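Numbering follows our numbering, with no gaps: position 112 of the sequence shown is 112.
Even glycine gets a Cβ: it sits at the ideal position worked out from N, Cα and C.
Computed from a predicted model, the values in this text were never measured in an experiment.
These notes concern the structure reproduced below.
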Amino acid sequence: MCMMAFGVGASAQIVVSQSFEGTSLPTGWTSFSNAALSTTTGTSYGASAGTPCAGTKGVYKNLYSSVPSWYLVYSSTASNGAAMTYSFKYLAKAYDSSVPVSGSVAADYSVDGGTTWTTILSPVTLTTAVNGSIPCTTVSGTIPAGTIATGANFKLRFSSLYTSPGDYYMGFDDVQLAQATSTPPNCTTISSPANAATGISVTPTISWAIATGGASSYIVNLGTTPGGTNIMNNVDVGNVTSYAIPTGTPLSYSTQYYITIIPKNVNGNATGCTETSFTTLAMPCPSVSAPSVSATGVSTLPTFVWTAVAGATGYKISLGTTSGGTDVLNALDLGNVTSYTLSSALNPNTIYYYTITAYNASTNSGTACTVRSFTTTAAALPANDSCNGAISLTVNPDLLCGSVTAGNTLGASLSMAATPCFGNPDDDVWYSFVATETSHVVSLSNIVSTGTSTTTDMYFQVLSGACGSLTSVVCSDPESANVSGLTPGQTYYVRVYTYSGAGYNASFNICVGTNPPPPANDNCSSPVSITPGSSFDQNSIIGTTDGATLTSDATATTSCQTNRYADTWYSVVVPPSGTITIETKSVSGSSVSDTVLGVYTGSCGTLTSVGCDDDSSSDGNFSLVNLTSANGITAGQTLLIGVWNYSSSTSGQFKVSAYDSSLLATNEVKEAKKLIAAYPNPFYDVLNISDVTKVKNVLVSDFSGKLVKTIANPTSALQLGELKQGLYLVTLEMKDGSKQTIKTIKK
């Protein structure tokens, strides 16, 4: 819905139809925080105050102890002295499940710019239970003729006041104001497309200005001749200021169109409105996706793929052995399709050039479409098509893959069945390497599709033994896998293929890397000590599984998840509270995205599991264990912690921490002496700030990090009585742009 307010003149009047669908207040509207209308304040738009009464949004504001009042005002000097009908809707909704709606709403108007006011809605008390809401409530009536004199400084004011213990969203929507008019509206001006514009879309959006004089709707005439209406003939599009040509009935390409917008109301149509014109763009070229530009190793029976062009009824292809050449195909009409496969094979190892154009009954893409090229495959069997022809790989001393070997499955044939692995090894190629350590990382990179069908999904298998009597060691769908349990000096084979079947091939680089040495805490017997803190971030440390091995301790069980690899070990002493949380999280840039966590009492070799978790952390698939005396732990007891990779193909850094909210750190209290203080701590209902002059905003979050309250321009006494008992983080946003966070406890 749009908003209209017209200037004083022969056809002036106040007309408003507003549902606040934008992201700012429309022209004529202002938001204030005081009844004197001297201090403006921001507003929000959406459904926070409840289901909108019209459209998809309403205007709203959060009212609570720190924002106790709101005045929404519409102003106009366009009155014609006639009677005005009015209607509007108000609604409200509690901020969250812990607070109610508690306040009032009223409305009045002024004809002298706000000096005096006349009530049209006496204060209505708004109150609900906790987490309650008040749906759209309509207020309507008529202000008699002569009340709002011609040209009067008219204001309509909606007033909202908070009362304790409320914390709620107050909203207004669907505001309608109308004064009668006795003449047709004036003509409008078309803003888009601009007059005489060229290169316009065949599905353009036509936009125009709001007509003065009280238009209730607009008529669109559109044709291909001056004054023509063969496309749209007196089509009433409603009380809008834009109209989009439907994608199902696009305009024609390279065609000049003439358009007139005629405003209307109950008194008739505007007269003498100016016609403008625009010309649509030429039919565009199709966007071609295959074969890609300068692709190599393309099948001798390639498939050409492109996207549909709006309005096209068919496509043509030209193909030759020179740029722009047509010696293979000369503008072959393919019909209305978006792919085409050659029926006769091209020559192998040859560069071809092709162009695809679109057409319909009246026009085509012309000669501007891009000429693309590709090179066909040689199609011979690769030298490493079988195990006996395996190419020897250089073993890198690290994981940087300074030495890689290029490969391609194009032309390769099936060597043996996939079992026990998966995929379709109809194009497998072979490599070998001599192990220098007990574990290596095999990885594929720079994968490019080279077959008649597009794929970059690769699969590889590592095997031991001799050709003809091989034993599978690792199967890997991921392009990288850690291969452990190897014997230094022994030769291993790697079979690489595309996962899909016939027609799918790809080129790639293959690398064999060497893991770094195991970390110092690779075994249960050498754990890294963790100092427990009051939150995850306080004393978290960064661990790594790079080079780590799987524990041989049979008592280090993880009943929650048996799929685990490459563990490292930590220890922590249970704090005096007898409770502790142990958690892992991600490190930016690390390939580790999933861990398995086991917590134990006892000694290495005779461990007893007291906690196990796979994916309970708030950080993706990382782990979290909450332990109390019910789990068999006691204050002062040392716990051993094992952290495993969930995946065998990834290793790297992660964060691990042990914490308990009872450990509100004394070192933080010492540091706080230099900063702004909050007291008392713990507190009941009021938390005091020692120096509020430096503070711009206060943000209150619960211990999970969820923002529960925002206080702008705070006083020194923060009213927090509505908070539940528990630990909260109070963040002070300073006027100089800095921040300070204080841990507090609500009793």
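Local conformation of residue i per DSSP, three classes
i, result
"G46", "strand"
"C285", "coil"
"G705", "coil"
"T693", "helix"
"S559", "coil"
"A107", "strand"
"I742", "strand"
"A378", "coil"
"A630", "helix"
"G389", "helix"
"G171", "strand"
"S445", "strand"
"T455", "coil"
"Q176", "strand"
"P751", "The chain is shown from 1 up to 747; residue 751 falls before or after that span and cannot be answered."
"N34", "coil"
"G324", "coil"
"T117", "Checking the sequence shown, residue 117 turns out to be Trp, not Thr. Of the three classes helix, strand and coil, the one that applies to W117 here is coil, per DSSP."
"N521", "coil"
"N482", "strand"
"I317", "strand"
"Q490", "coil"
Residue i CB to nearest heavy atom of the ligand ATP below 7 Å
i, result
"A308", "As for the ligand ATP, it is missing from this structure, which has no ligand bound."
Environment of residue i [buried if 16+ CB atoms lie within 10 Å]
i, result
"Y497", "buried"
"M734", "exposed"
"F20", "buried"
"I231", "buried"
"F422", "exposed"
"G820", "Residue numbering for the chain in the displayed model covers 1 to 747; residue 820 lies beyond these limits and cannot be assessed."
"Y431", "buried"
"T549", "buried"
"K739", "exposed"
"A270", "buried"
"L319", "buried"
"P185", "buried"
"I542", "exposed"
"D537", "exposed"
"V266", "exposed"
"T307", "exposed"
"D167", "buried"
"N505", "buried"
6 Å Cβ shell around residue i - same chain, five flanking residues per side excluded
i, result
"S445", "N509"
"D691", "I676"
"V474", "V462, A481 and V483"
"S98", "none"
"L121", "A106, A107 and V139"
"I745", "P682 and L727"
"S476", "F460"
"E275", "Y258 and T260"
"C136", "C53, K89 and L91"
Contacts around residue i, its chain only, beta-carbon distance under 8 Å, and the 5 residues preceding and following it disregarded
i, result
"S365", "A282, M283, P284, C285, P286, V309, T357, A358 and Y359"
"S756", "Past the edges of the chain, shown from 1 to 747, lies residue 756, and the structure says nothing about it."
"N396", "G402, S403, C511, V512, G513 and T514"
"L334", "G314, Y315, K316, I317 and Y340"
"K673", "Since pLDDT at K673 reaches only 43, below the 50 mark, its modelled position is unreliable, and the value read off the structure follows with that caveat. For K673, where only same-chain residues beyond five positions count, there are no Cβ hits under 8 Å."
Contacting residues, own chain, Cβ-Cβ under 7 Å from residue i (five flanking each side not counted)
i, result
"G501", "N424 and D426"
"P204", "P193 and I245"
"T125", "S104"
"G325", "Y353"
"V371", "S323, G324, Y353 and T355"
"S439", "N482, V483, S484, L486 and N515"
"D327", "G320 and T321"
Exercise. Any contact of the segment 209-224 with the segment 52-64, i.e. 3+ C-beta pairs under 8 Å?
Worked result: In the pairwise beta carbon analysis, the segment 209-224 is classified as not touching the segment 52-64: fewer than three pairs are separated by under 8 Å.
Problem set entry | 3 or more residues per run - each beta strand (DSSP E) lying fully within the segment 527-551 | Counting whole runs of 3 or more residues, the segment 527-551 contains the beta strand (DSSP E) stretches 541-544.
Problem set entry | Continuous beta strand (DSSP E) assignments of at least 3 residues falling wholly in the segment 401-425 | Whole beta strand (DSSP E) segments, 3+ residues: 405-408.
Problem set entry | Sufficient close CB pairs (3 or more, under 8 Å) joining the segment 36-53 to the segment 184-204 | With fewer than three CB-CB distances shorter than 8 Å, the segment 36-53 does not count as touching the segment 184-204.
Problem set entry | Cβ contact (3+ pairs, closer than 8 Å) linking the segment 297-306 and the segment 239-247 | The segment 297-306 vs the segment 239-247: no contact.
Exercise. Is there contact between the segment 146-153 and the segment 72-86, where contact requires at least three CB pairs shorter than 8 Å?
Worked result: Taking a cut-off of 8 Å on C-beta distances, the segment 146-153 touches the segment 72-86, as three or more cross pairs fall below it.
Exercise. Can you find at least 3 beta carbon pairs, one from the segment 577-589 and one from the segment 547-565, that sit closer than 8 Å?
Worked result: Between the segment 577-589 and the segment 547-565, the count of C-beta pairs closer than 8 Å stays below three; the two stretches do not touch.
Exercise. Where are the alpha helix (DSSP H) runs, 4 residues long or more, that stay fully inside the segment 560-647, in chain order?
Worked result: If one requires a minimum length of 4 residues, no alpha helix (DSSP H) run lies completely within the segment 560-647.
Exercise. Considering only residues of the segment 199-228, which uninterrupted beta strand (DSSP E) runs meet the minimum length of 3 residues and lie entirely inside it, listed in chain order?
Worked result: Within the segment 199-228, the complete beta strand (DSSP E) runs of at least 3 residues are 205-208 and 217-223.
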